[in-house]
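Report on the structure given below.
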Amino acid sequence: MGSDALDALKQRALHEAERIAEALVFASSEPVAEKLISGKLPDDTPVRMVMERLAERYAARGINLVRVGDAWAFRTAADLGFLIRRDETEARKLSRAGLEVLSTIAYHQPVTRAEIEDVRGVATSKGTLDVLLETGWVRMRGRRRSPGRPVTYGTTVAFLDHFGLEDLRDLPGMDELKGAGLLSGRVPSNFQPPLSSSGDEFGEDEDPITQLDLEELGLLTPMGEAED
């Protein structure tokens, strides 16, 4: 078989892989993990190249294929967002305290409640953290290996998706955050960019949350069922 024929076969295989990936992302209301997409494609398919080729195809359209952390999603093109914004249901606005806590978690994760309070200089109510957990932008990610084994908090893929970020390294500077309403003027200016691109890696002083931890925290019954 000649080289032209081989190239044609490779292009056909890539095109078919793009079609499969496109269908998977289109059918999902949430960002689709690249790992999941890879599992649906033939072995040895270069999934990142497939997704980037597909993203290029949508770059000039009314919807774009965007990377969100280690996942992909279709989103309205940024310059057309004003056309549908009026029809969107506004998410509940966070209080000033909620914005400050969210920002502290985003820039310092993994972070405990005590560490959040140290950054802000004021106490953090459980209600504020509960609201952030309910939005889906923040999650309990582990427990610190220190006395009392406090819970550590981090952001989620939904946080990246909502604020249009590919990964944590794309978090904007202080002035941009304040302009977007994500930071209030009272937040200290000593934030440091996250060191990891996904925020999923556990540190040497951090353990993942287990079922026993969830039961201890009152999030699961002893039988392993979630509390209502």
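Just so you know, our numbering puts 382 at position 99 of the sequence shown, and the rest follows in order with no gaps. Glycine included, every Cβ here is placed at the ideal spot set by N, Cα and C.
Practice prompt. My understanding is that V330 touches E317, with C-beta atoms under 8 Å, so please give their C-beta distance in whole angstroms.
Written response: 6 Å
Worksheet item: Can you name, in chain order, every residue of its own chain whose Cβ lies under 8 Å from the Cβ of W420, other than the five neighbours on each side?
Response: L385, T438, T439, A441, F442, H445
Item to complete: Pick out whichever of T493, E299, R396, G345 has its Cα sitting closest to the Cα of G410.
Response: R396
Item to complete: Using a threshold of 9 Å, state whether the C-beta atoms of D490 and G431 are closer than that.
Response: no
Worksheet item: According to the Cβ coordinates, are A304 and V333 closer than 9 Å?
Response: yes
Discussion item. Pop quiz: I492 and M423 are said to be a contact at Cβ under 8 Å. What is the actual Cβ separation, rounded to whole angstroms?
Written reply: 6 Å
Worksheet entry | Residue closest to F309, alpha-carbon to alpha-carbon, out of T328, L297, Y341, D326 | Y341
Discussion item. Going by the DSSP bridge assignment, what does I346 pair with across the sheet?
Written reply: T359
Item to complete: Using three-state DSSP, classify T439 as helix, strand or coil.
Response: coil
Discussion item. Can you look up L478 in the DSSP assignment and give me helix, strand or coil?
Written reply: Because L478 carries a pLDDT of 45, less than 50, the predicted location of this residue cannot be relied on, and no value is offered for it.
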